[in-house]
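Chemist:
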Amino acid sequence: MNQANPAPGGIVCATRGGEGSERTIQRAIGLARERGLRLTFLYIAGLEFMRRTSMGHA
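Below you can see the structure in the form of structure tokens.
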């Protein structure tokens, strides 16, 4: 695949961040580049984090 004509679809990489996610993130980047696909990162936040932030309040 080339940049002018990327394949349909893409890759979603779910991550919680931190050092433990680095290998997965790098692999997703490599696959997306290799296949000419769009890459979307999905950050996973724990429920406790949501409770401690204003995001947890309506």
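Quick note on numbering that gives the first Met the number 0: the sequence shown kicks off at 0 and runs consecutively.
Cβ coordinates follow ideal geometry from the N, Cα and C atoms, glycine included.
1) Measure the alpha-carbon distance for L36 versus A44 and round it to whole angstroms.
2) With a Cβ-Cβ cutoff of 9 Å, do I28 and T14 count as a contact?
3) Pick from T52, F40 and R51: whose alpha carbon is nearest that of G16?
4) Output needed for G8: all residues of its chain with C-beta closer than 7 Å, excluding positions within five of it in sequence on either side, in chain order.
Modeler: Well, looking at it:
1) Here the question's residue 36 lines up with position 37 in the sequence shown. Here the question's residue 44 lines up with position 45 in the sequence shown. Each residue's alpha carbon lies about 25 Å from the other.
2) Stepping through the sequence shown from its first residue, residue 28 is reached at position 29. Stepping through the sequence shown from its first residue, residue 14 is reached at position 15. It is not a contact, given that the beta carbons lie outside the stated cut-off.
3) The count along the sequence shown starts at 1 and reaches residue 16 at position 17. With distances taken between Cα atoms, G16 lies closest to F40.
4) Here residue 8 refers to the residue found at position 9 when the sequence shown is read from its first residue. If we look at G8 and ignore the five residues flanking it on each side, its Cβ neighbours are L36.
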